[in-house]
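Heads up: the sequence shown runs through residues 58 to 229, numbered per our numbering.
C-beta atoms are modelled at their ideal positions from N, C-alpha and C, and glycine is treated no differently.
Note that this is a predicted model, so its numbers are computed, not measured.
Okay, structure first, notes after.
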Amino acid sequence: MCIRDSYGAHPTTRQAVLLEPMGQLAKQPPAFLGGGGGLQSTAYDYHRFTQMLVNGGELDGARILSPRTVRYMASNHLPGNVDLTAFGRPLFSETAFDGVGFGLGVSVSIDPVKGRVPGNAGEFAWGGAASTAFWVDPVDDLVVQFFTQLLPSSIHPIRSQLKQLVYQALLD
């Protein structure tokens, strides 16, 4: 996930200014086609996307996906309902594979205790190469998006630390 517009501080006023709308990288044709990279959006639109998912496929009264489709997407599709540890270890991310299955384009929490991070079974998520992340927790009616540009994403455990902070802040 790349943030569509880049902002920075003006050198004298320190006010936020638009540095480069849509960035030059976004305007160039890709060097190679890759389904897992090159997404361009705004944080606001990405939030609306995750809000639609936590709402079971509905946003602002408009049905975009059926609830059945969202449930199916966020179900573990690995054979035998195993977690990702049956298929290897993470190479590029600090996140663990323990207790995590795989749905249709998202990771799926199947056993949060085994994963050693707070959360609920049925929560689904995805992270980007530059440490970006989102997760949807239908149990707590929660969506979280985290946008940064930290490479490689395996350098700091910021995703798991963010989850700990968010779930510790929830009140029952």
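| query | result |
| --- | --- |
| Just the Cα atoms here: how many angstroms apart are Gly-137 and Gln-202? | 30 Å |
| Using CA atoms only, rank isn't needed, just tell me which of Val-111, Gly-172 and Asp-229 is closest to Val-139. | Gly-172 |
| Opposite Ala-100 in the DSSP bridges: which residues? | Ala-100 is not bridged to any residue. |
| Please report how far the alpha carbon of Leu-208 lies from the alpha carbon of Gly-114, in whole angstroms. | 32 Å |
| Do Gly-156 and Phe-181 count as a contact pair if the criterion is CB distance below 8 Å? | no |
| Among Gly-118, Pro-124, Val-165 and His-104, which residue has its Cα nearest to the Cα of Asn-133? | Val-165 |
| Which first and last residues belong to the alpha helix (DSSP H) in which Val-170 is found? | 169 to 172 |
| Quick one: what does DSSP say Ala-88 is sitting in, helix, strand or coil? | coil |
| Less than 8 Å between C-beta atoms, sequence neighbours within five positions excluded: which residues of the same chain meet that for His-104? | Val-200 and Gln-202 |
| Which residues share a DSSP beta bridge with Val-200? | Val-193 |
| Hey, quick one: how far does the alpha helix (DSSP H) through Val-223 stretch, first residue to last? | 215 to 226 |
| Residues bridged to Gly-184 by DSSP? | Ala-190 |
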